[in-house]
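Okay, structure first, notes after.
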Amino acid sequence: MGPSSDTGTSLKSVFWGTFVHSTCNEAVQVLEDTAVGVDHEGKIVFIKTGEDVQRVSQEVGFNAADVKQLGKHEFFMPGMVDAHIHASQYSFTGTALDLPLLEWLNTYTFPVEAQFEDPEFAKKIYSQVVRRTLRNGTTTACYFATIYTETTLLLAEIADRVGQRALVGKVCMDRNDGASYYKESTEESMRETDKFITQLLGKGYPLVSPIITPRFAPSCTSPLLEFLGKTAKNNDIHVQSHISENRDEVNLVQQLFPDCKSYTDVYLKHGLLSRKTVMAHACYLSDKELEIFHKTGASIAHCPNSNISLCSGMLDVSRVMKHKVKIGLGTDVAGGYAPSMLDAIRRAIDTSKALTILDPKHQTLTFQEVFRLATLGGSQALSLDDQIGNFAVGKNFDALLVNVSVPDGPIDICNEEDPKVILEKFLNLGDDRNIVEVYVAGRRVVPFDNTS
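First residue of the sequence shown: 4, per this note's numbering; consecutive thereafter.
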């Protein structure tokens with residue numbers, strides 16, 4: 004990463020200390036004694052490493068006394084990207100994990116999601132999940148909401164107000180034999196999707212965008228999927244759904260779409276796979292399906308907590324990466340019981356180690372690789388890596404200020420530790436107490452102010 008000395012604009016903030024991030028070539032890159040300047044639009048305008056603060060202040064044009072100097076055990080890292088989370092399931096997070104996927108949806112999920120027709124209920128839950136995830140370092144979230152347009156727009160409004168970068172999706176489903184009270188007609192789903200996209204784009208939120216959201220192939224008819232594919236293409240917007248989460252689901256898709264060669268083929272034939280598509284789970288994709296993901300630019304959201312909690316399967320991330328498919332991490336609340344991306348990091352490593360137990364030849368993921376999945380990898384999975392994901396001139400300053408020695412925190416620093424060791428301890432032991440500040444597009448959003 005080369006330094007920049009020409010800011011071309013007025014500075015809002017200058018931070019000085021240790022920065023830890025990922026690049027395409029390095030899973031973890033440590034920048035010590037580094038100054039990062041952020042302008043009033045929240046973009047990084049210079050990065051200078053190993054130089055004297057007084058000289059840099061004169062060269063770039065800022066008051067050295069105004070620099071935010073990081074402490075001995077503090078560092079900045081990129082904000083984490085949750086590539087798959089159900090905001091509407093947050094109220095029962097940590098419970099109801101005793102059934103496989105399809106039974107779980109009918110027994111727990113659909114009855115709760117049906118309550119989101121009530122704006123007051125929706126406002127309460129959506130406010131909680133946005134604040135909780137931000138507090139835990141999720142600066143970007145890819146949200147499933149429900150079939151209800153008005154309250155899905157409310158989720159977008161809350162994310163904008165509190166300051167989280169978000170893709171927000173109105174769920175589309177015109178087929179639901181397990182819970183007939185919770186579905187739309189095909190025409191209604193089409194009409195409400197158009198309404199949702201038009202109204203959300205019309206809000207002009209700088210950090211919140213709509214995303215086309217067929218729940219998954221079994222809940223959508225072919226005409227609806229075809230409409231959603233065309234709508235995504237015509238509006239050049241993102242698509243999210245689920246794929247190959249468990250074996251029963253894969254078998255059901257084969258029964259419902261007998262003319263399609265695979266689960267992936269269903270989405271491909273309906274125009275739903277592109278570089279702006281993110282599919283959750285993908286535990287049982289064949290090599291041929293992964294090749295389709297690579298060719299179309301579609302990505303995968305790895306949700307290890309949910310995969311284990313619902314006994315769905317274990318995704319081999321190394322295999323996905325060998326096929327050069329973009330991949331990030333998701334919490335998958337509430338199939339995943341934790342709304343923190345730190346948990347997603349830990350469960351991803353655990354899953355990889357479990358696969359190594361089953362097959363000693365399996366290539367176990369390192370903590371460095373999984374750190375990249377949670378940050379830069381997530382931004383790539385959502386095709387936002389030109390804006391976020393690491394520290395580079397021109398990108399938005401989405402960042403977490405981490406203090407591993409915060410008073411009464413979960414981490415003890417016993418010796419003089421290398422920054423990579425400090426990072427590893429945070430990823431394995433840390434929690435929201437260690438995340439002392441959160442920035443999104445240069446704005447400090449945590450600690451929360453009274454207006455959010």
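Glycine residues also receive a C-beta, built at the ideal position from the N, C-alpha and C atoms. Keep in mind the model is a prediction, meaning the values are calculated, not measured.
Could you give the DSSP three-state label for residue i: helix, strand or coil?
i    : result
G20  : strand
S8   : The predicted model places S8 with a pLDDT of 39, which falls under 50 and marks its position as unreliable; any figure quoted below should be read in that light. Coil.
Q167 : coil
G40  : strand
E187 : coil
V48  : strand
S212 : strand
A337 : coil
Y151 : coil
L105 : helix
A144 : strand
F65  : coil
K15  : strand
Using the C-alpha atoms, what's the distance from residue j back to residue i?
i    : j    : result
E440 : S355 : 31 Å
I220 : T26  : Inspection of the sequence shows that residue 220 is occupied by Ala rather than by Ile. Looking at the two C-alpha atoms, the distance is approximately 35 Å.
F370 : V328 : 19 Å
S386 : G53  : 32 Å
S8   : G172 : Model confidence at S8 stands at a pLDDT of 39, short of 50, so the residue's coordinates are unreliable and nothing is read from them.
L379 : A395 : 11 Å
H89  : V59  : 45 Å
K75  : R447 : 21 Å
Q366 : E153 : 46 Å
P6   : D353 : Reliability of the predicted coordinates at P6 is poor, the pLDDT of 34 falling under 50, and the value obtained from them is presented with this limitation in mind. So the two alpha carbons sit approximately 37 Å from each other.
L368 : K198 : 43 Å
S277 : G181 : 30 Å
L345 : D434 : 7 Å
T234 : F78  : 42 Å
R138 : L203 : 25 Å
D251 : Q258 : 11 Å
Pick out whichever of the options has its Cα sitting closest to the Cα of residue i.
i    : options                : result
D163 : T143, N179, V41        : T143
H305 : G339, R278, Y93, E77   : G339
P81  : G381, V281, L385       : G381
L343 : K51, F22, V84, Q61     : At residue 343 the sequence reads Ser, which differs from the Leu that was named. Nearest of K51, F22, V84, Q61 to S343, Cα basis: V84.
I295 : A283, L271, P307, L313 : L271
F260 : Q118, D290, L228, K291 : L228
R134 : F113, T152, G166       : G166
T110 : S183, G333, G207       : S183
V323 : L313, S312, G300       : G300
S289 : F199, E195, T267, V115 : T267
Q72  : Q57, G64, A86          : Q57
A458 : G45, F78, W19          : The chain is shown only over 4 to 455; residue 458 falls outside these bounds and no answer can be derived.
L157 : L332, V407, S130, S188 : S130
Q92  : L102, F78, N139, F147  : F147
K206 : E195, A159, G140, V409 : A159
Give me, in chain order, the residues of the same chain whose beta-carbon lies closer than 8 Å to that of residue i; leave out the 5 immediate sequence neighbours on both sides.
i    : result
C286 : S247, E248, N249, N310, S315, G316, M317, L318
L255 : L105, P221
Which residues in the same chain have their Cβ closer than 6 Å to the Cβ of residue i, if we skip the five residues on either side of it in sequence?
i    : result
L170 : C145, S212, I214, H241
G11  : Because G11 carries a pLDDT of 44, less than 50, the predicted location of this residue cannot be relied on, and no value is offered for it.
S321 : Q366
I373 : Contrary to the premise, residue 373 reads as Val rather than Ile in this sequence. These residues qualify, in order along the chain: I348, A351, I352.
Please find out if some non-hydrogen atom of the ligand PLP comes closer than 7 Å to the beta-carbon of residue i.
i    : result
L318 : No copy of the ligand PLP appears in this structure; indeed no ligand is present at all.
Tell me which same chain residues have a C-beta within less than 7 Å of the C-beta of residue i, skipping the five on either side of it?
i    : result
C223 : C175, M176, D177, R178, P217
Y151 : F119, E120
K126 : L157
V269 : A220, V256, F260, C263
V407 : H76, I414, I416, I425, K428, F429, G433, N437
**OP:** For the stretch 373-454, list the beta strand (DSSP E) runs that are entirely contained and at least 3 residues long, ordered along the chain.
**Re:** 402-406, 438-443, 446-449
Subject >> In chain order, each alpha helix (DSSP H) run of at least 4 residues that lies wholly inside the stretch 215-274 >> reply: Segments of the alpha helix (DSSP H) lying fully in the stretch 215-274: 225-238, 250-259, 266-272.
**OP:** Enumerate, from N- to C-terminal direction, the unbroken alpha helix (DSSP H) stretches of 4 or more residues contained entirely within the stretch 283-330.
**Re:** With a minimum length of 4 residues, the unbroken runs of alpha helix (DSSP H) contained wholly in the stretch 283-330 fall at 290-299, 307-312, 320-325.
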